[in-house]
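Residue numbering for the sequence shown follows this note's numbering, starting at 10 and increasing by one per position. Built from N, CA and C at the ideal position, the CB exists for glycine as well.
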Amino acid sequence: MVKLTLRDRESVQEAVRRFRKLVERSGVKKEMRRREYYEKPSEIKRRARLRAERRSRRLRLPA
């Protein structure tokens with residue numbers, strides 16, 4: 010959970026900007042997008058396998 014305490018003489022715009030950064034860094038937004046729709050367990054595994062394959066392919070090839 011993200012908590013934001015207002016600083017002395019902080020404008021609303023500054024507080025909103027700081028809040029957005031906190032939410033982005035905490036991963037709340039990413040988690041909301043991930044949970045927006047139900048994803049079958051087989052799809053989750055498939056996506057993880059493809060991600061691992063891409064990562065291993067990248068590590069094998071010389072840069």
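Residue i, DSSP secondary structure in three states
i: lysine 54; result: helix
i: methionine 41; result: helix
i: glutamate 48; result: coil
i: arginine 18; result: coil
i: valine 11; result: coil
i: leucine 68; result: helix
Proximal residues to residue i (C-beta, below 6 Å), its chain only, five neighbours per side dropped
i: glutamate 33; result: none
Residue j beta carbon less than 9 Å from that of residue i
i: valine 21; j: valine 37; result: no
i: arginine 16; j: alanine 24; result: yes
8 Å CB neighbourhood of residue i in its chain, flanking five on each side removed
i: leucine 13; result: Ala24, Arg27, Phe28, Leu31
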